[in-house]
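Heads up: the sequence shown begins at 1301 in this note's numbering, then just goes up one per residue.
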Amino acid sequence: MAADSLEIPFSRDFSMSKANRNSSVQWGAVIQHYLDKVSPSTDFSDLPKPSTDLEVLQCDFMRWGYCLVADALSPEELAAATERLLDQAEAERAARVAQMGSHDANGVPWAGSRQLVSNLASKGRIFRQIAAFETRGGPLIEQLMTRILGKDLLIGSVHGVLVEQGAGLQTLHQDGGALPMPHPPYPLYANIIYMYSDFSLENGGTYVLPGSHADKTGANVVTPETDPHELIRRSPHGIVSLTAPAGTCFVSDGRLIHAGAPRKAPGLRLGNNAYYCRSTQRQQENPYVSFCALEEASPKLRRLLGFERLGFGMRHYRHGGRVPVGELSMSRPEEFSQDFDFYYSAEAAMYERATGGRTALYKGPRKAAAPQAKL
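As structure tokens, then:
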């Protein structure tokens, strides 16, 4: 057989947001057909309930692609995290470095009521404790995550989300969707959502399709040929909205089909997403560039971020005097005058347009430093 006729098995590109040659269905538009058919997860007695039993959590995770950890945060930890997230979010809006805005179906930005606070482990001690499993439920969650991703798991990204009434809807997707098909019969990524608010259908509890992570053999359910409508119709539950009290955390297989849900009730829905991966996978956020609280990081957090040696030669360093958006507070407005890297990014340009410059500022491309004269 000629070499040019061979197909490398792990080379199939596929995006759930776009139609492809094998399927005319766009996953991105599918959720619109089911918004009036979503049920609270508590309507089904067989779906996961908040638990602190490791074996129950593992069974739920394997069967449904997710589980709910009860009392992941103590009342004091929940209050501290909520206060810090609200302060940081307001300060980023005031400093005009806020990631706030959305796009319509044609990609045109408008001022939205969903704010993303990224690189959260740099922005407060309580977030570093959460990321490093150093909260009330941390030891249990760490045991579970180690079973899922191995003892050398890494933090892929940590961010906070604030969703106002009417905002929050995402397209159905899997995490780690940039991976080529076929996916291996085990998770490479797992996502944790710490619920700072009560999650419910009215409050915008995350939409999930239970059991959509894998079939009975462990193989990924989604392929480029999958008809999403057929997959949803075959489900005994359909799409459900997570229902659980504040302080609970949701742990999901990266292959689980899910979507951010719109908040119907007045007020804010607050959450903290902590995304983890196997040590062999690329992290979503590059901590060697973005993490700016290394001196405050515990040895455990450094290891989870990837700053500690994993194997021979597998160690990285950060160089250069960059100015990422670190911990900000409305009580320290003098910090807003820093020349943040954000101001020079395409992202800043997008969010400035989306909000009319109210919560984001774009200064244009950063000018290259003048070359130094050779001696």
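The C-beta atom is built at its ideal place from N, Cα and C for all residues, glycine as well.
| query | result |
| --- | --- |
| Using CA atoms only, rank isn't needed, just tell me which of Ile1557, Arg1555, His1558 and Ala1546 is closest to Arg1569. | Ala1546 |
| Count the other CB atoms, across all protein chains shown, that sit within 10 Å of the CB of Lys1423; report buried if there are 16 or more and exposed otherwise. | buried |
| Taking the runs of the alpha helix (DSSP H) that are 4 residues or longer, which of them lie wholly in the region 1313-1383? | 1327-1330 and 1354-1364 |
| Within this structure, are the beta carbons of Ser1518 and Pro1485 separated by less than 8 Å? | The amino acid at residue 1518 is misidentified as Ser; the sequence shows Gly. A contact, by the Cβ cut-off of 8 Å. |
| With distance defined between alpha-carbon atoms, name the residue in Thr1342, His1537, Ile1430 and Glu1392 nearest to Asp1371. | Ile1430 |
| Are the CB atoms of Glu1635 and Leu1628 nearer to each other than 8 Å? | yes |
| Would you tell me roughly how many angstroms separate the C-alpha atoms of Lys1516 and Ala1646, rounded to the nearest one? | 43 Å |
| Taking the alpha-carbon of Asn1491 as reference, which of His1513, Leu1501, Arg1653 and Asn1503 has the nearest alpha-carbon? | His1513 |
| Go to Tyr1489, then tell me how far its alpha helix (DSSP H) extends in each direction, as first and last residue. | Element bounds for Tyr1489: not the alpha helix (DSSP H) but the beta strand (DSSP E), Tyr1489 to Met1495. |
| Mind checking whether Glu1377 and Arg1414 have CB atoms under 8 Å apart? | no |
| Taking just the CA atoms, how far does Lys1667 sit from Val1508? | 45 Å |
| Have a look at Ala1574 and Tyr1494 and give me their C-alpha separation to the nearest angstrom. | 8 Å |
| Please report the residue range of the alpha helix (DSSP H) in which Glu1652 lies. | Ala1646 to Thr1655 |
| Could you give the residue range of the beta strand (DSSP E) that holds His1459? | Leu1454 to Glu1464 |
| Enumerate in chain order the residues of its own chain whose CB-to-CB distance from Pro1375 is below 6 Å, with the five nearest sequence positions on each side excluded. | none |
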